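Engineer: Chains as they are written, first to last, in numbering that gives the first Met the number 0: chain H, 0 to 227; chain C, 0 to 80. Even glycine gets a Cβ: it sits at the ideal position worked out from N, Cα and C. Given the structure is predicted, the values throughout are model-derived calculations rather than measurements.
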Amino acid sequence: MKAAVITFPGSNCDDDLVYALSKVGGFEIAKLWHKDETDLSSFDLVGLPGGFSYGDYLRCGAIAALSPIMQKVKEFANKGGYVIGMCNGFQMLCELGLLPGALAKNESLSFVCRDVSMKVTSVKTPWSTDLKEGETISLPIAHGDGRYIISEDEYQQMLNQGQIVLQYIAENGKESPNGSVHAIAGVCNREKNVFGLMPHPERATDMRSKDGLKIWTSVVKAIGEKSA
Amino acid sequence: MKTRVTIFYKDSVFDPQGNTLANSLRRVGFVKVKGVRVGKVIDVEMDAANKEEARRDLQKMCEQLLANPVIESFKYEVIEG
């Protein structure tokens, strides 16, 4: 299995992602620069890491979405390839139009960096089959612009289609750490091959929290089934 | 040609910066302040044959990069030239 991890100017979680994918998934990793226009069709998974691409100029992820490699990512995703974006990677996927909705400044205006609890809403995605529906998991978040916004109609539609994967659990009287609509933490596209989330499952595979593990084992299984 | 793009969160999207500023303004005595919205102003200087061409390009620039139509509204104008 081969995974590509793309680095943008300002990415800072790319090596965390390489660590998780190689250690947990056993992936062979190619680290690509955002200006590469490498054909991605030989990869089983493409990962867009967290960080602050282009210093978050204009809007988080907006400029990175126009990087040369992103057209290749789009082609890869449109052919059913597995793409995951966490934190800044999630913002890029929304800006690129591979995921619905958009991410706005946290309601509190604070940068929130801590472990948060969330419930697993959909296990009907290649990214969550090893999780249990309704299960509570804890993952670290670290962002200032994680308020996921989507219309009520789209939310209902996505919920029915099993695209709402993770939702924050209320803590200290707050529905979510960032003010997301319906406390959404992670979503898939309709086809479920593209997954974006604000939490960092790549930072939760050993040590303090291991709850990110099952996201990686789920997709490894999905890739195995796809190629079988 | 000098042009100006103005971008705001859509009215339906809560603007925490505007909200904070409104509270601060009221706290220091501007009690008549009812609301504040914070936006962005982007000045784009361009070579365009005429204003119409400039507006056409600005519309595309906003849709492709300068604004995110999911959460933001935008407008543009030719301010000189």
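Candidates H:Cys86, H:Ala101 and H:Asn87: which alpha carbon is nearest cysteine 93 of chain H's?
Structural biologist: Here residue 93 of chain H refers to the residue found at position 94 of the first sequence. Nearest C-alpha to cysteine 93 of chain H: H:Ala101.
Engineer: Skipping 5 residues on each side, what residues in its chain have a beta carbon closer than 8 Å to that of isoleucine 148 of chain H?
Structural biologist: Numbered from its first residue, the first sequence carries residue 148 of chain H at position 149. Once the five neighbours on either side are set aside, the close Cβ partners of isoleucine 148 of chain H are Gly100, Ala101, Leu102, Ala103, Ser179 and Val180.
Engineer: Does any residue of chain C have a CB that is nearer than 7 Å to the CB of lysine 34 of chain H?
Structural biologist: For the purposes of this step, residue 34 of chain H is identified with residue 35 of the first sequence, where counting begins at 1. Not an interface residue.
Engineer: With a threshold of 16 other CB atoms inside 10 Å of the CB of glycine 54 of chain H, please say whether the residue is buried or exposed.
Structural biologist: To locate residue 54 of chain H, count along the first sequence from 1; it is residue 55. Glycine 54 of chain H should be labelled exposed.
Engineer: Looking only at C-alpha atoms, which of H:Asp38, H:Met0 and H:Asn188 sits nearest to methionine 157 of chain H?
Structural biologist: Start at 1 with the first residue of the first sequence, and residue 157 of chain H comes out as number 158. Methionine 157 of chain H has its Cα closest to that of H:Asn188, out of H:Asp38, H:Met0 and H:Asn188.
Engineer: Is the beta carbon of valine 35 of chain C sitting closer than 7 Å to the one on leucine 20 of chain C?
Structural biologist: Taking the second sequence and counting its residues from 1, the one referred to as residue 35 of chain C is at position 36. Taking the second sequence and counting its residues from 1, the one referred to as residue 20 of chain C is at position 21. Yes, the pair counts as a contact, with Cβ atoms nearer than the cut-off.
Engineer: What are the complete alpha helix (DSSP H) segments, minimum 4 residues, inside the stretch 57-139 of chain H?
Structural biologist: DSSP runs (the alpha helix (DSSP H)) wholly in the stretch 57-139 of chain H: 68-77 and 87-95.
Engineer: Using C-beta distances below 8 Å, list every residue in its chain close to valine 23 of chain H, excluding the 5 sequence neighbours before and after it, in chain order.
Structural biologist: Along the first sequence, one-based indexing puts residue 23 of chain H at 24. Around valine 23 of chain H: Thr204, Leu212, Trp215, Thr216 and Val219.
Engineer: Does the beta carbon of isoleucine 6 of chain C sit closer than 7 Å to a beta carbon anywhere in chain H?
Structural biologist: As a first step, residue 6 of chain C must be located in the second sequence, where it is residue number 7. No, its Cβ sits nowhere closer than 7 Å to a Cβ of chain H.
Engineer: Of the residues H:Asn192, H:Val45 and H:Tyr167, which one's Cα is nearest the Cα of threonine 128 of chain H?
Structural biologist: Translated into the one-based positions of the first sequence, residue 128 of chain H becomes position 129. Checking every option, the nearest Cα to that of threonine 128 of chain H belongs to H:Asn192.
Engineer: In its own chain, which residues sit with a C-beta less than 6 Å from the C-beta of glutamate 76 of chain C, not counting the 5 before and 5 after it?
Structural biologist: As a position in the second sequence, residue 76 of chain C is number 77, starting the count at 1. Result list for glutamate 76 of chain C: Arg3, in chain order.
Engineer: Pull up the DSSP beta-bridge partners for threonine 204 of chain H, would you.
Structural biologist: The sequence position of residue 204 of chain H within the first sequence is 205, counting from 1. According to DSSP, threonine 204 of chain H bridges with nothing at all.
Engineer: Using a 10 Å radius around the Cβ and a threshold of 16 neighbouring Cβ atoms, would you call arginine 55 of chain C buried or exposed?
Structural biologist: For the purposes of this step, residue 55 of chain C is taken as the residue at position 56 of the second sequence. When all chains shown are included, arginine 55 of chain C counts as exposed.
Engineer: What residues of chain C sit near alanine 61 of chain H, judged by a beta carbon separation below 8 Å?
Structural biologist: One-based indexing of the first sequence puts residue 61 of chain H at position 62. Result: Leu64 and Asn67.
Engineer: Taking the straight line between their C-alpha atoms, what separation do you get for lysine 73 of chain H and proline 125 of chain H?
Structural biologist: Counted from its first residue, the first sequence places residue 73 of chain H at position 74. Counted from its first residue, the first sequence places residue 125 of chain H at position 126. Taking the straight line from one Cα to the other gives about 19 Å.
Engineer: Helix, strand or coil for lysine 30 of chain H per DSSP?
Structural biologist: Counting from one through the first sequence, the residue named residue 30 of chain H turns up at place 31. Strand.
Engineer: Could you give the first and the last residue of the continuous beta strand (DSSP E) run that contains aspartate 42 of chain C?
Structural biologist: If you number the second sequence from 1, residue 42 of chain C lands on position 43. Aspartate 42 of chain C -> beta strand (DSSP E) spans 38-44.
Engineer: Kindly provide the ranges of any beta strand (DSSP E) runs that are 3 or more residues long and lie completely inside the stretch 139-182 of chain H, ordered along the chain.
Structural biologist: Runs of the beta strand (DSSP E) inside the stretch 139-182 of chain H: 146-148 and 163-167.
Engineer: Looking at alanine 3 of chain H: is its Cβ nearer than 7 Å to the Cβ of leucine 31 of chain H?
Structural biologist: Working through the first sequence from its first residue, we reach residue 3 of chain H at position 4. Working through the first sequence from its first residue, we reach residue 31 of chain H at position 32. Yes, Cβ-Cβ distance for alanine 3 of chain H and leucine 31 of chain H is below 7 Å.
Engineer: To which residues of the same chain is phenylalanine 7 of chain C closer than 6 Å at the C-beta, ignoring the five residues directly before and after it?
Structural biologist: As a working note, residue 7 of chain C is residue 8 in the second sequence. Closer than 6 Å at the Cβ level, and outside the excluded window around phenylalanine 7 of chain C, lie Arg36, Gly38 and Ser72.
Engineer: Helix or strand or just coil, what does DSSP make of leucine 39 of chain H?
Structural biologist: Sequence index remark: in the first sequence, residue 39 of chain H carries index 40 (1-based). DSSP places leucine 39 of chain H in coil when its eight states are reduced to three.
Engineer: What residue range does the alpha helix (DSSP H) around alanine 221 of chain H cover?
Structural biologist: The residue labelled residue 221 of chain H in the question sits at position 222 within the first sequence. Its alpha helix (DSSP H) spans residues 212-226.
Engineer: Tell me which residue opens and which closes the beta strand (DSSP E) that valine 17 of chain H is part of.
Structural biologist: Along the first sequence, read from residue 1 onward, the residue named residue 17 of chain H stands at position 18. No beta strand (DSSP E) contains valine 17 of chain H, which is instead part of the alpha helix (DSSP H) from 13-22.
Engineer: Can you grab the Cα-Cα spacing for the pair leucine 196 of chain H / lysine 209 of chain H, in whole Å?
Structural biologist: Taking the first residue of the first sequence as 1, we reach residue 196 of chain H at position 197. Taking the first residue of the first sequence as 1, we reach residue 209 of chain H at position 210. Whole-angstrom Cα-Cα distance: 17 Å.
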